[in-house]
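**Student:**
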Amino acid sequence: MPAQTLRLHPSQRQPPTRRGNQRRILVAGSARLDLHHFGGNSLQGRYFYLRLHPFSVAELGGHADALPELLALGGFPEPFASGSQQFARRWAQSHRERLIREEVTSQQSVSDLGKLELLALSLPLRVGSPLSLNALREDLQVSQPTVARWVDLLERVYGIFRLPPFGAPKLRAVKKERKHYHCDWSVVAEPGARFENLMASYLSKWVEYQIDTQGRTLELRYFRDIDGREVDFVIVENGRDPIAMVECNLGDDSPGKGLKYLRARFPHVTAWHVSAHGSRDYLNAAGIRVAPAVRLLQDLV
Numbered sequence: 001m002p003a004q005t006l007r008l009h010p011s012q013r014q015p016p017t018r019r020g021n022q023r024r025i026l027v028a029g030s031a032r033l034d035l036h037h038f039g040g041n042s043l044q045g046r047y048f049y050l051r052l053h054p055f056s057v058a059e060l061g062g063h064a065d066a067l068p069e070l071l072a073l074g075g076f077p078e079p080f081a082s083g084s085q086q087f088a089r090r091w092a093q094s095h096r097e098r099l100i101r102e103e104v105t106s107q108q109s110v111s112d113l114g115k116l117e118l119l120a121l122s123l124p125l126r127v128g129s130p131l132s133l134n135a136l137r138e139d140l141q142v143s144q145p146t147v148a149r150w151v152d153l154l155e156r157v158y159g160i161f162r163l164p165p166f167g168a169p170k171l172r173a174v175k176k177e178r179k180h181y182h183c184d185w186s187v188v189a190e191p192g193a194r195f196e197n198l199m200a201s202y203l204s205k206w207v208e209y210q211i212d213t214q215g216r217t218l219e220l221r222y223f224r225d226i227d228g229r230e231v232d233f234v235i236v237e238n239g240r241d242p243i244a245m246v247e248c249n250l251g252d253d254s255p256g257k258g259l260k261y262l263r264a265r266f267p268h269v270t271a272w273h274v275s276a277h278g279s280r281d282y283l284n285a286a287g288i289r290v291a292p293a294v295r296l297l298q299d300l301v
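Just so we're aligned: 267 in the working numbering is position 267 of the sequence shown, and the numbers increase by one with no gaps anywhere.
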């Protein structure tokens, strides 16, 4: 992939298979079949693992009108196909309950489901900021190891996913606390945080597609330094080399100081400032593409 774009080049697509009807595909909607990742039998060489994600703008034809619907309803098939925000809210509630009472408990015994449910309810309020386990511990009145274990479990069953910070040398970046996002972004009520969550989901989808189908060593991270400069997302290759950076806002705001700072230190890296409701589309003097989010999302997967 060229450093200047996130477009999926045709040469990066999977070559046609010659196995015909010999191919076997197992599609699972439960994390229980993912347990071998945490066990002793690696199954190395006997399968390829492909992760499925919610519907995306690209899968829906790249049309601009797909983004407001996805923001309102989420990307899971049932709520999105319903076209009803009321149904989407009921589905999200039921989905959260199934994750906690079926998926989580199938992997590990939880002595206090009530407090685990309180944790799940509080997490959407913390999207967009580094997740402090100590703050969660104080709110829930449980030990920090317990909170850490519960958050790990929610990530393991695909309720949430977390991003580590990007900390290149001499950037004075934070290096510990991770940010978290929800696989179902419709549970995030605040509009700006929900849009950021949606962008995190689709960038993660592109990164994992590249890993699963091309074997690339990519990672989605975020940037924050000790002076308070931030960039929402940084895609890193080989553990250290940024290849793209993305900042998101609801409206037609100008790029923030964090994106300008990071772009100046990596001038050959693609930089996007995308908006949910904005209409401006231009390349500014710092080499940052300012555009509606759909311009980026329609070229992902």
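Every residue, glycine too, gets a C-beta built ideally from N, C-alpha and C.
Express the C-alpha separation of Glu97 and Glu117 in angstroms, rounding to a whole number.
**Tutor:** Cα-Cα distance, rounded: 8 Å.
**Student:** Let me make sure I understand the geometry here. Which of Ser186, Ile243, Leu300, Gly167 has the alpha-carbon closest to that of Glu78?
**Tutor:** Of all alpha-carbon atoms in Ser186, Ile243, Leu300, Gly167, the one lying nearest the alpha-carbon of Glu78 is that of Ser186.
**Student:** Could you give the distance in angstroms between the alpha-carbon of Phe266 and the alpha-carbon of Tyr202?
**Tutor:** Whole-angstrom Cα-Cα distance: 23 Å.
**Student:** Identify whether Asp299 lies in helix, strand or coil by the three-state DSSP scheme.
**Tutor:** coil
**Student:** DSSP state of Phe87, grouped into three classes?
**Tutor:** helix
**Student:** Hey, quick one: how far does the beta strand (DSSP E) through Ile160 stretch, first residue to last?
**Tutor:** 160-163
**Student:** With C-beta atoms as the reference, is Ala291 less than 8 Å away from Leu250?
**Tutor:** Result no, Cβ atoms of Ala291 and Leu250 do not sit closer than 8 Å.
**Student:** Beta carbon of His180, beta carbon of Arg194: below 8 Å?
**Tutor:** no
**Student:** Which residue marks the beginning of the alpha helix (DSSP H) containing Arg224, and which one marks its end?
**Tutor:** Segment 218-224 is the beta strand (DSSP E) holding Arg224; no alpha helix (DSSP H) there.
**Student:** Let me make sure I understand the geometry here. Which of Arg224, Gly239, Arg240 has the alpha-carbon closest to that of Lys260?
**Tutor:** Arg224
**Student:** I'd like the list of long-range same chain contacts for Ala189, defined as Cβ closer than 7 Å, with 5 residues on each side in sequence excluded.
**Tutor:** Scanning its chain for C-beta atoms nearer than 7 Å, with the 5 sequence neighbours on each side dropped, one finds around Ala189 the residues Pro124, in chain order.
**Student:** Should the region 45-65 be called in touch with the region 286-300, which here means at least 3 C-beta pairs below 8 Å?
**Tutor:** yes
**Student:** State buried or exposed for His268, treating a residue as buried only when at least 16 other CB atoms are found within 10 Å of its CB.
**Tutor:** exposed
**Student:** Given that a residue counts as buried once 16 or more other Cβ atoms are within 10 Å of its Cβ, and exposed if not, what is Glu102?
**Tutor:** exposed
**Student:** Is it buried or exposed, Pro16, if we count other Cβ atoms within 10 angstroms and call 16 or more buried?
**Tutor:** Bear in mind that a pLDDT of 49 at Pro16, under 50, signals an unreliable position, so the model cannot answer this.
**Student:** Taking the alpha-carbon of Ala148 as reference, which of Gln210, Asn134, Asp139, Tyr158 has the nearest alpha-carbon?
**Tutor:** Checking every option, the nearest Cα to that of Ala148 belongs to Asn134.
**Student:** Where Ala293 and Gln141 are concerned, what is the direct C-alpha to C-alpha distance, given to the nearest angstrom?
**Tutor:** 40 Å
**Student:** Check whether the region 68-82 and the region 170-178 touch, using three or more Cβ-Cβ pairs below 8 Å as the test.
**Tutor:** Fewer than three pairs of CB atoms, one per stretch, sit closer than 8 Å, so the region 68-82 makes no contact with the region 170-178.
**Student:** In the DSSP output, which residue or residues are listed as bridge partners for Leu283?
**Tutor:** DSSP lists Arg289 as partners of Leu283.
**Student:** What did DSSP end up calling Asp252 once you bin it into helix, strand or coil?
**Tutor:** In this structure, DSSP gives Asp252 a state outside helix and strand, which the three-state scheme calls coil.
**Student:** DSSP state of Pro77, grouped into three classes?
**Tutor:** helix
**Student:** Using the beta-carbon count (16 or more within 10 Å), is Val127 buried or exposed?
**Tutor:** By the C-beta density criterion, Val127 is buried, having at least 16 other C-beta atoms within 10 angstroms.
**Student:** Give me, in chain order, the residues of the same chain whose beta-carbon lies closer than 6 Å to that of Arg289; leave out the 5 immediate sequence neighbours on both sides.
**Tutor:** Non-local C-beta neighbours of Arg289 in its own chain, meaning closer than 6 Å and more than five positions away in sequence, comprise Trp272, Leu283, ordered along the chain.
**Student:** Look at the alpha carbon of Asp281 and the alpha carbon of Val104, and state the distance between them as a whole number of angstroms.
**Tutor:** 44 Å
**Student:** If you draw a straight line from the alpha carbon of Phe80 to that of Ser56, how long is it in whole angstroms?
**Tutor:** 11 Å
**Student:** Would you decide whether Ala285 is buried or exposed? Buried here means 16 or more other CB atoms lie within 10 Å of its CB.
**Tutor:** exposed
**Student:** Can the beta-carbon of Leu302 be found less than 8 Å from the beta-carbon of Leu99?
**Tutor:** This structure cannot speak to residue 302, because the chain is shown only from 1 to 301.
**Student:** Using a Cβ-Cβ cut-off of 7 Å (strictly less than) and excluding sequence neighbours within five positions of Gln108, which residues of its own chain qualify?
**Tutor:** Leu153
**Student:** Please name the residue or residues paired with Tyr181 in a DSSP beta bridge.
**Tutor:** Phe161
**Student:** Using beta carbons (cut-off 8 Å, strictly below), is Ser82 in contact with chain D?
**Tutor:** Checking the listed chains, one finds no chain D in this structure; it contains a single protein chain.
**Student:** Can you give me the start and stop residues for the alpha helix (DSSP H) that Glu138 sits inside?
**Tutor:** 133-140
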